[in-house]
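The sequence shown finishes on residue 103 if you use this note's numbering, and the numbering steps up by one all the way, no holes.
Using N, Cα and C, we set each Cβ at its ideal position, and we do this for glycine too.
As the structure is a computational prediction, the values presented were derived from the model and not from experiment.
To start, the structure itself, in structure tokens.
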Amino acid sequence: MMGNLVTFPKDSALNILIQSLDWETFEQNCAWQLFLAHSIALETILQHLEYKEHPEALSCLLFQLQREKPSEETATMALSQPCRPHNQFTTSIL
């Protein structure tokens with residue numbers, strides 16, 4: 010028999026995720042592993058992240074994207090990011 014384990018309710022996961030951006034590196038990495046297991050839409054998360062301010066979160070997203078099959082949706086998401094100087098996240102995705 011299999012069951013489901015819910016660590017974060019879907020309606021509060023994004024709020025917790027945004028709060029976790031101020032946590033220490035190890036705590037963020039642990040939290041991100043749990044969040045990524047919940048299959049939260051990357052588009053929802055990306056709009057809250059800044060290249061210089063949230064390197065831990067962006068690196069976890071890059072690891073997640075490496076596991077996924079490339080798609081038009083992922084390319085559109087990456088290319089629709091605001092253009093900022095020294096933001097290498099978009100080029101890293103591509």
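Boundaries (first-last residue) of the alpha helix (DSSP H) holding residue i
i, result
"E36", "34-46"
"C69", "64-76"
"T99", "98-102"
Three-state secondary structure assigned by DSSP to residue i
i, result
"I49", "coil"
"S21", "helix"
"E81", "helix"
"S29", "helix"
"L58", "coil"
"K11", "Before going on, a small fix: residue 11 reads as Met here, not Lys. The answer is coil: DSSP assigns M11 none of H, G, I, E or B."
Rounded straight-line distance, which links the Cα of residue j to that of residue i
i, j, result
"T62", "E82", "Note on residue identity: the sequence assigns Glu, not Thr, to residue 62. Taking the straight line joining both Cα atoms gives about 25 Å."
"A66", "M11", "31 Å"
"T53", "D31", "18 Å"
"N96", "L71", "14 Å"
With 16 other Cβ atoms within 10 Å as the buried cut-off, status of residue i
i, result
"F35", "exposed"
"A145", "Since the first residue of the chain shown is 10 and the last is 103, residue 145 is not available in this structure."
"C69", "buried"
"Q56", "exposed"
"L88", "exposed"
"Q37", "buried"
Cβ neighbours of residue i in the same chain (closer than 8 Å, five flanking residues each side left out)
i, result
"L74", "L51, T83, I102"
Sequence-distant residues of the same chain with beta carbon closer than 7 Å to residue i, five excluded per side
i, result
"L58", "A66, L67"
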